[in-house]
Amino acid sequence: MPKDVLELPLDVTATRPILEHIANKWTVLILNVLCTQPARFNDLRRRLDGISHKALSEALKRLERNGLISRKVLPTQPVGVEYTITSLGCSLREPFAALYNWSLANGAALEKAQRAYDASRRNEGLEEQM
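The following block contains the structure:
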């Protein structure tokens, strides 16, 4: 095994429940937004293009339940709610930033690989039909 590869024990039983809570696209994006400053629900929704009201609401409840964000009711009319990242949530900043930067750096390569795979599958289908 190459020296630069980090060898980790695979403890699926211990890590899977945790990863199911934090390793989804909306969690990563919500926490990245909240790392910079607290935000209200509609501000988060505007900044997270493509998220539905329901998906954002469910994600925020899950993040609060897991101690990654806190929710503060604001004394406004109508009542507003502001979300803030907790210190536990902030501890994910570095690994999420690495994942985000990796996706920016490698997105084109992934798309190229997907196109090549799809083309090869189509070609295999044509050959089978002949």
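Count the sequence shown with full-length UniProt numbering and you get residues 1 to 130, in order.
Note that CB positions come from ideal geometry on N, CA and C, so glycine has one too.
What are the start and end residues of each continuous alpha helix (DSSP H) run of 4 or more residues lying completely inside the UniProt domain "HTH hxlR-type" (8-111), in chain order?
-> 12-22, 25-36, 41-47, 53-65, 87-90
Within 8 Å (strictly less), CB to CB, does R115 reach chain B?
-> Here chain B cannot be found, since the structure has a single protein chain.
Do three or more CB pairs link the segment 82-90 to the segment 65-72 at distances below 8 Å?
-> yes
Compute the Euclidean distance between the alpha carbons of R40 and F96, then round it to the nearest angstrom.
-> 21 Å
Buried or exposed (CB count within 10 angstroms, at least 16 for buried), I30 = buried
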